[in-house]
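Everything in the sequence shown is counted per my numbering, starting at 101 for the first residue and increasing by one. Idealized CB from N, CA, C, for every residue including glycine. Single-structure report; data block below.
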Amino acid sequence: MTRADPRLPAGRAHSHRHETVPDAAARPSSSARTLLWVGAGLLVVAGLFLVDWLAPQLFPAPLPTRAQDGLTLAVSVLIESLPFIALGVVLSIVVQVWVPPGVIERWMPRRAWARRAVLSLLGMIVPVCECGNVPFARGLLMRGFSVPETLTFLIAAPIVNPIVIITTHQAFGFSDGVLIARLLGGYAIANLIGWLYNRHPSPDALLTDRFRDTCALVTHEPGGRGRRTIAQFVIELRAVMPALIIGSALAGAVQVLVPREALVAIGSNPALSIVAMMALAMVVSICSNVDSFFALSFASTFTPGSIVAFLLVGPLVDVKMLALMRTTFTWRTLGGIVVVVVLAAFAIGTAVNLFA
C-alpha cells in the first residue's frame, strides 16, 4: 500500500493519477515550457511599460481618451501589485521549502473551527495585500493545510494585516465605526466562508486540476532546498503573473467602460449606495493597503455603510483578485465566494447605516 505524503493537501494523497512521479525524460520539456511561460509573461509586462512610455512618440495624434485612461489604469494596477506579488511568492517559498515539517502545525489547535480562527489572524504577521496572499495561500495548500483553512486565511488576511489597519485608521479614525466594522466584518466573513466550505463533501474538488498537478510535482521535486526554491519560484511566477496581467487589463478596461457618474448619482440612498459602492469596489481593483484613501473621497456623498461595504468587497472579490484566485480555485468555488462576500457585506453595511 502506498503511503500518503503528508505534504499533499487533504484529500489529494489518494488520487492515483497524481502518485506517479514524472519520469526523467519528461523533465527537460516541462522545464522548457515553464521558462517559456515565465519569459512570455515578463515580455508582456515589459511591453505594457514600453507602450505606456512610448505612446506619445508612437501616436503623434492623441489616443482616444478612454483608451489612454484604460492603459494608464491597467499599468498602475500592475505596478501597484508587483511588489506584493514578489513578497507573497517569497513567503510562499519560505513556508513550503524552508520551514521544517510540523513547526507551524505544532502551534495550531486540533479542532477545525479553532484552526480556522487562528489562521484567519495569520494576516496580522503577513504584511501583504490581497495580491501577495494568493501565492502564500498556495504555499499553505502545498504544505498540507486543508482548503477551508486556507480559504479562511486568504479571505481574512487582506483586511486584518497591520498596514491595512493603520491606513484605514489614518483615513477614517474611529468615526462612524468604519474601522471596527471593517476588521470585525472581514474576520467574520472569512470564518463564515471557512465554515461553509468545511461542510463540502469533497473539498479537494474546489481546486483546479492544474493546481493539483502542481502539488504532486512540487512534492516529488528532487534535490536540496536551493533547487526546490528555484523550482517553486518559477512555478509560482508561471501561475500568478499571467493572471495578474489579465486581471490588471480587465480592471483598467472596466473602469473606463463603467460610468462612475451613474454610481455616484445614487450615493445618498441607504440601500442603493451600498450596491453602488460594492460594484465600484469590484471594478477599480485598488490594493487594500491604500483603498481607504480612495473610499474617503466618497465619504461626503455616500453613507457610512456603503463605505464599509466597499472596504470589505474590494480586497476579497475584485476583478484582479478573482483572476489571481482562479490559478488555484475553480470557477464554481469563486462564484460561491462572491455570493457570500457580497451578501455578508450588504448585511454589514446595512447594520452600520442603522447604528451610525
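Have a look at residue i and residue j and give me their C-alpha separation to the nearest angstrom.
i: residue 411; j: residue 312; result: 32 Å
i: residue 374; j: residue 406; result: 4 Å
i: residue 441; j: residue 329; result: 35 Å
i: residue 379; j: residue 214; result: 33 Å
i: residue 456; j: residue 371; result: 14 Å
i: residue 310; j: residue 398; result: 41 Å
i: residue 315; j: residue 400; result: 48 Å
i: residue 236; j: residue 377; result: 28 Å
i: residue 173; j: residue 179; result: 10 Å
i: residue 234; j: residue 451; result: 30 Å
i: residue 276; j: residue 289; result: 20 Å
i: residue 416; j: residue 274; result: 23 Å
i: residue 426; j: residue 171; result: 23 Å
i: residue 210; j: residue 169; result: 51 Å
i: residue 265; j: residue 239; result: 25 Å
i: residue 300; j: residue 453; result: 34 Å
i: residue 333; j: residue 232; result: 13 Å
i: residue 243; j: residue 369; result: 47 Å
i: residue 262; j: residue 342; result: 28 Å
i: residue 432; j: residue 296; result: 14 Å
i: residue 186; j: residue 349; result: 19 Å
i: residue 256; j: residue 267; result: 16 Å
Considering only residues of the same chain and omitting the five flanking positions on each side of residue i, which have a CB-CB separation below 8 Å?
i: residue 260; result: 220, 221, 223, 224, 283, 286, 287
i: residue 346; result: 423
i: residue 394; result: 384, 386
Can you give me the Cβ contacts of residue i inside the same chain, cut-off strictly under 7 Å, excluding the 5 residues immediately before and after it?
i: residue 212; result: 298
i: residue 292; result: 440, 444
i: residue 281; result: 408, 448, 452
i: residue 434; result: 422, 425, 426
How about residue i and residue j: are their beta carbons less than 8 Å apart?
i: residue 430; j: residue 241; result: no
i: residue 390; j: residue 419; result: no
i: residue 230; j: residue 294; result: no
i: residue 408; j: residue 436; result: no
i: residue 258; j: residue 385; result: no
i: residue 392; j: residue 272; result: yes
i: residue 269; j: residue 279; result: yes
i: residue 381; j: residue 413; result: yes
i: residue 403; j: residue 308; result: no
i: residue 216; j: residue 252; result: yes
i: residue 182; j: residue 226; result: no
i: residue 208; j: residue 218; result: yes
For residue i, collect the residues of the same chain with a Cβ closer than 6 Å to its Cβ; drop the 5 residues on either side in sequence, then sort them by chain order.
i: residue 247; result: 303, 306
i: residue 396; result: 271
i: residue 438; result: 417
i: residue 245; result: none
i: residue 160; result: Low confidence applies to residue 160: its pLDDT is 49, below 50, so where it sits in the model is not reliable, and the reading given next is rough at best. Cβ neighbours of residue 160 beyond the five flanking positions: none.
Restricting to runs no shorter than 4 residues, where is the alpha helix (DSSP H) found entirely within the segment 209-238? 212-219
Pick out the complete alpha helix (DSSP H) segments inside the segment 377-411, 4 residues or longer, and give them in chain order. 391-396
What alpha helix (DSSP H) runs, 4 residues minimum, are completely inside the segment 248-328? 262-272, 278-298, 309-319
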